């Protein structure tokens, strides 16, 4: 069975997320990177191509060139992974779909909700796969949590608490040459959301992914804490879920000492669960009147979703790259099924264009809520 | 040096907090319980008196009787501790002050803000000590946190996150004879706030106590989650601090599996701190570009406030009773200084009538905010 | 019901454990300190008496005087608590028993095994209560662990791992005026064991207390790590239990950064348990093929022993003083039953003279094993 | 720059460690698997070859065939990775070296010390690279720990405590068809050591790797706990380091509930460190009189060794595969330097033939010590 072939847009020298996509895609041997347009600057793209060990003739100067020429290559790419700054996502995804490629896109899907809605039309028209890499949904114990919630085991969802807290932008690194900071704090490249779009949307996605409840309304305060910053670097949001349950979502990039603290708690009428990204291989489960349960990745008592998402025995930590690789593995499975004629092949462990639209809706409505100091519907 | 003499209102059979006050007050040998009106039912009061080993003639049928007779006893009480359900706090405190006693009161200070304001006048008129037992302020590492914040070491306060999460009221225990649940969920005995008044106010107090910042405004959602309950059992509140910094406060009593999860984080412009009540003997401190610090109770590197608030070497856990006892120890120190003629004696490690008014203001404004779905000032 | 009356030998100014005994004994209101011979120096004894608020006429110059005069006092002491340095334990305990007092003794029971054996005869002859305060046996979750092991729930004991690690003696504090360090490192006051007698014996006791297995043999290495120290400050011991199962016990006082790290793990054929003194309110329980269980103090699912040993709801930490108080509370219960005519009254939650002899046997055999580099029986 | 080319011996269907080597080797794009003799059964080898997506003509029926033919292939393998059960390691390594390949071998190096010594001669004669994959040495914070120890920052090593505790063999899985259990508990395939050779040697290696101290002598108890098992499944060992410092090493495979609990503590005269494999991205560092330090992977304050061994920003967990990949990445770096003519190229972050001999010495001496109940030198 041949490997699926991946072409990448973005991920040039200095990129954080590009190499992660490549390592993740290739980890399980199902996918190989065969082509790329890695940078808007051709020499940078060529440099990246050498680092990724891509044949020079398949390292392109820009992505339109890649989309045009790859189909002519023997062993041309099956899909395009988009890992550029946010504002370029829409064009690249649309064009790739139109050129007949499946698409894997980094989040957020687009720079604006309007683009996300337009992209939904494109995806639907194309009949191609579109997958959004909400990395954290690839962790085995996030999938266990999801199974628990969706099975009804913890009863009705009564409250959610989710946070995504970082500290790396507590100083204005964007002023001192940090590439990652520079585009994320620049409305022209990141879109209208700063922290809310960079990490808040992960927290939002995690809530909807795990609980199967929509966020129905938000009351948000978005702040620019570091003096002079143009985009929000701190967000605090009250949530109302579809079933009326309350929730809290907070995110920050100015919280000194926090690394990548994404944490979710779901309280139900019969039990509750808690998960922390920095200790990803554990899930805490509470039932009334019984000791606290800690479930560990790799253990036989876990459900199928979690078991399929680990490669190693219990106690051998798997991390962020492996979670990311689970998304690519699921995607490769779909590609294979599509290749075998299953036109509707989809996996509900993945986030697709609907989640993409939801995420952009959340970002825009949170911004609106903060501007108006009022509750805003998210639908 | 004689022991200070304590008389108690409330704390009869079945009380949770009454015996805690007694253990805490007596732990260090500075105070002894000498009298009480422990219950509104005389036979219950007598039973409690026997359990506390109080002389029968100093176990009173009601507190007015106690306030009238204690001054006539040889070795009469120096102060009155009030540990009744909330709605009785005001009358008891006012009357005790008028009768010439110092007062220690459980929180919240009163059932309404109006009462708290009236009580402030009484306290000021009386020139007696009035101390509110916000237990958590007695932990050594809360005091260390406070010293750190107030010293400016972590710079300007940029964000606070505080929560107080419990699960014991996830079912309607008030329907099945649980005394503690019954009065706390009954507006006639608890006042207008349920969860917000029982535990939310502790979280609020902790923010103001530690950061030296006032909470300037709130946007709250108070919910009655358990079907049919009359008072809120879940609260989610956005905060705006006096300096404009954002914050989140959430509290719940329906979060299955949570015991008594009071946690505070303060993020500053130069550093940040984190503390958890269920692991009270540690304080996490973050500085930029340095490893995370964990400070442990009993260690020599701690500041004076923390060192004075421990009795044991590091690694010998002290808990809730010891924290409570620190408040009583500070109070006993004030009593002694007052006895020695220092009419102004006060300790800023304690919460007094101003904190009492602040707490009631917070409760009422949070209720108002939730009712109106709007931001409300807290001042 | 009157309070039990306690007289104390030792616990003068600068004592660590004396005030702990007093706080613990008095916490629940069952016991009061009424007399003492607190120091071998009369002026120090008097100073301590004032601090403890003992009547001057019941603050004695030495313990023989106390033992002679207390019986003549109205309300004379019921029992004597011995909290001196180790070498004085034997004489004080023997004399107190002979004078007709019940005895509570700090550990280790005596300075030598020979003394412990002799003391056993005295106890048996006296028909008085003798209780050894192995503090850690008072923690509720140690008692839960014990119940689990003794019930057979975790099957046959297959392995134990116990440690007691401290760092406070990593430097030779005994040279710079630290009282606690001075007597503990001085063979003339501590006896033949340093670390092994001060804390190793606690670890040993915990194994036998929890598992109901005897330690049958030891192979020990006792070291004097800090240059020039006369007594061991580090111990590493292989164990063979009565049923043949292996074990490891290690203790240290030179482990920089460790505070009071007493930890026990018991692995059985059907399950296993783990407990850590610095997080005393949790017990980890493992069963094959099921998620890890964490049991929390104060929860309704705990067994009777654990439930009786807590005063507060779950999530309200109780610590070292409360654990110590549980021993005194159990002791007070026995005194009452003895007073009511139950001559055999005993509680198997307590450590008595047999545990005292076991502890001294362990200390001497470990010293012998280390000297001979050989396995030595412990029986 | 071309990828290094890897051929593998072992790692057929059902292998745990084979796929780990492949994922680890390929993670960073420096190495590709091009050939293999994956099983002693040709059809199994072919099946594995298809799974690994190896060309059929380079999937060999046995390793001698592979060693003979690979040099004739265009793009023939540069090195051989050996991932068979232990007893086959020696022959395969020797033959691969003689055939001119560099060798990467899973641990333990051989089945006996005699073989290890013979292999050392082979390695020295061959002038090829020989690397032993002690996985845990690839973790960034193990390397930080090593740097700290070797820099002298924590002073003289005074004590080590190391454990490697698992529970998966608490039942005799080898009787019910578990492949991993079957060979590990069978002296004919595992060699003379069970638990001591499978995991005890990792713990031993970690001590010598991190501290730069040799283990000079051991006193061991090796037990067969599960009834009827032929090889030890539990080991408890007292250590004496080269500088005279004491230590404890314990390992188990029958400890119900433990997953893969490898933990190391090193106590020095000026500080101490602690690391846990199941939380690999943190390192605890203690200094006297200062708060506890926690160092986190990915942070800028770490030393060069640790920084080079992470791929992601702080808070993005890397795990076992990434640690393993660090070993392969270092190895690939050496291959490149050898290719560039640096005949002596070596990296002291890697374990080579000396560590291999040390490990086998430890295993045999521990077995001897246990048999004789005596201390045995390890040198």
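Protein chains in written order, with this note's numbering: chain A, 1290 to 1668; chain B, 1290 to 1668; chain C, 1290 to 1668; chain D, 1290 to 1668. From the three backbone atoms N, C-alpha and C, an ideal C-beta is built for every residue, glycine too. Predicted, not measured: the structure shown is a model, and the values here were computed from it.
- Using beta-carbon distances, residue 1373/D does not count as an interface residue toward chain B, since no partner is under 8 Å.
- Cβ-Cβ distances below 8 Å link residue 1498/B to 1423, 1426, 1431, 1435, 1640, 1644 in the same chain, with the five nearest sequence neighbours on each side left out; the list follows chain order.
- In terms of Cβ geometry, residue 1567/A and residue 1604/D form a close pair [threshold 8 Å].
- For the set 1565/B, 1337/B, 1330/B, 1408/B, the Cα lying nearest the Cα of residue 1351/B is the one of 1330/B.
- Comparing alpha carbon positions, the residue from 1439/D, 1530/D, 1507/D closest to residue 1637/D is 1439/D.
- Within the segment 1293 to 1315 of chain A, those residues whose Cβ lies closer than 9 Å to any Cβ of chain D are, in chain order, 1305, 1308, 1309, 1311, 1312, 1315.
- For the segment 1443 to 1454 of chain C, the beta-carbon criterion of a distance under 7 Å to any beta-carbon of chain D is satisfied by 1447, 1448, 1450.
- Measuring C-alpha to C-alpha distances from residue 1343/B to each of 1296/B, 1303/B, 1367/B, 1356/B identifies 1296/B as the nearest.
- Listed along the chain, the chain A residues whose CB falls inside 9 Å of the CB of residue 1578/C are 1588, 1589, 1590.
- Under DSSP, the beta-bridge partners assigned to residue 1573/A are 1563/A, 1583/A.
- Rounded to the nearest whole angstrom, the CA to CA distance from residue 1317/D to residue 1562/C is 41 Å.
- Residue-level contact by beta carbon fails for residue 1631/A and chain B, as no gap is shorter than 8 Å.
- Contacts with chain C (Cβ-Cβ distance below 7 Å) from the segment 1592 to 1609 of chain A involve no residue at all.
- Leaving aside the five residues that flank residue 1610/D on each side, the residues in its chain whose CB is nearer than 6 Å to its CB run, in chain order, 1312, 1313.
- The shortest CA-to-CA distance from residue 1555/C to any of 1634/D, 1581/D, 1454/D, 1482/D is the one to 1454/D.
- For residue 1605/A, no alpha helix (DSSP H) segment is defined, and its DSSP state is neither H nor E.
- According to DSSP, residue 1371/C shares a beta bridge with 1298/C, 1394/C.
- Residues of the segment 1512 to 1544 of chain A with a C-beta less than 7 Å from any C-beta of chain B: 1512, 1514, 1523, 1525, 1527, 1535, 1537, 1539, 1541, 1543, 1544, listed in chain order.
- Here residue 1393/A is not near residue 1613/A, since their CB atoms are 8 Å or more apart.
- Fully contained in the segment 1394 to 1447 of chain A are the following beta strand (DSSP E) runs of length 3 or more, in chain order: 1419 to 1421.
- DSSP, reduced to helix, strand and coil, places residue 1650/A within a helical segment of the structure shown.
- By the neighbour-count criterion, in which a residue is buried when 16 or more other Cβ atoms sit within 10 angstroms of its Cβ, residue 1662/C is exposed.
- Comparing alpha carbon positions, the residue from 1362/C, 1540/C, 1467/C closest to residue 1489/C is 1540/C.
- Take residue 1477/D, set aside five residues on each side of it, and the residues of its chain with a beta-carbon closer than 8 Å to its own are 1376, in chain order.
- If the five residues before and after residue 1384/C are omitted, its C-beta is found closer than 8 Å to the C-beta atoms of 1352, 1353, 1356, all from its own chain and listed in chain order.
- Between the segment 1453 to 1469 of chain D and the segment 1525 to 1532 of chain D, the count of Cβ pairs shorter than 8 Å is below three; the stretches do not touch.
- Per DSSP, the unbroken beta strand (DSSP E) holding residue 1535/D starts and ends at 1535 to 1541.
- When the Cα atoms are used, residue 1650/D and residue 1504/D turn out to be separated by approximately 10 Å.
- Uninterrupted beta strand (DSSP E) stretches at least 3 residues long and entirely within the segment 1316 to 1361 of chain A occur at 1320 to 1326, given in chain order.
- Spanning the alpha carbons of residue 1349/D and residue 1363/A requires a straight line of approximately 29 Å.
- Here DSSP, grouped into helix, strand and coil, assigns residue 1452/B to strand.
- For the segment 1335 to 1363 of chain A, the beta-carbon criterion of a distance under 9 Å to any beta-carbon of chain D is satisfied by 1339, 1340, 1341, 1342.
- Between residue 1543/B and residue 1579/A, the CB-CB gap reaches or exceeds 8 Å.
- In this structure, residue 1401/B lies away from residue 1378/B, with their beta-carbon atoms at least 8 Å apart.
- Annotation: Cβ neighbours of residue 1575/C in chain D (cutoff 8 Å, chain order): 1456, 1545, 1546, 1547.
- If you ignore the 5 residues before and after residue 1600/D, its C-beta comes within less than 7 Å of the C-beta of 1607, 1611, all in its own chain and listed in chain order.
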